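Residue numbers (UniProt numbering): 1 to 174.
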Amino acid sequence: MPMFSVRVSEDQAVRFDAAAAGAGGRSALLRRLINEAGVGPEASPGRSLRQPRTGARLMVRLTPADAALVDRQSHEMGLRRAAWVAGLVSAHVRGRPTFAASDHGALAAIAGEIRRIGVNVNQIARALNTAVLEGRVLDAELTSISALQNELRAHVFGLREAFAGNLAYWDTAW
């Protein structure tokens with residue numbers, strides 16, 4: 001939920017606190033004033049205009065040196081600092097990788113290639129099922145299937161390497 005912060009003089013703070021004492025305190029009076037300023041009834045106390053977050057929020061204090069390292073690492077991966085820390089936790093707690101934004105495109109391309117190969121294998125299998133001629137045509141199809149199998153294995157190996165490399169990135173040597 002958003003929070004507003006303002007600086008006021010000591011005199012203004014004393015007078016506001018006196019007025020707020022009969023209105024439920026500072027926060028209650030401020031919410032009422034914001035609502036009266038035209039925000040509307042949907043901003044009533046206790047209701048947020050945003051969708052609720054699905055995850056838990058965790059606050060971590062870092063030394064300036066550690067914060068600088070986290071900033072550098074998160075920047076190198078193209079992630080926000082909080083997303084980088086969440087990726088670190090996810091890798092250590094669940095063994096689940098977090099990829100840089102640029103890597104998502106590469107992984108999507110690999111997945112697309114694997115789908116394309118799957119379509120080709122299906123077409124070849126259909127052709128083999130309908131082929132009744134033996135000889136060169138069947139041999140050519142079998143050679144194509146073998147080549148596609150090798151290409152598919154290479155792509156699957158590439159995906160495995162990407163995931164293993166990502167998990168190795170998050171792993172630390174004690």
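Every residue gets a Cβ at the ideal spot worked out from N, C-alpha and C, and that includes glycine.
Every value quoted in this text rests on a predicted model; they were computed, and no experiment measured them.
Just how far apart, CA to CA, sit residue i and residue j?
i: A109; j: D103; result: 10 Å
i: V121; j: P2; result: 54 Å
i: I124; j: A140; result: 10 Å
i: H92; j: N166; result: 12 Å
i: D17; j: G38; result: 23 Å
i: R96; j: L62; result: 24 Å
i: A19; j: E76; result: 51 Å
i: A68; j: G105; result: 28 Å
i: A82; j: L142; result: 51 Å
i: A86; j: R94; result: 11 Å
Can you tell me which of the options puts its alpha carbon nearest to the alpha carbon of residue i?
i: A164; options: F99, R7, R32, M77; result: F99
i: residue 178; options: A111, G118, L58; result: This structure leaves residue 178 out entirely; the chain is present only between 1 and 174.
i: L5; options: A56, N35, S144, L30; result: Here residue 5 is Ser; the residue named in the question, Leu, does not match the sequence. For the residues A56, N35, S144, L30, the minimum Cα distance to S5 belongs to L30.
Since residue i contacts residue j with CB under 8 Å, what's their CB separation in whole angstroms?
i: I114; j: L152; result: 7 Å
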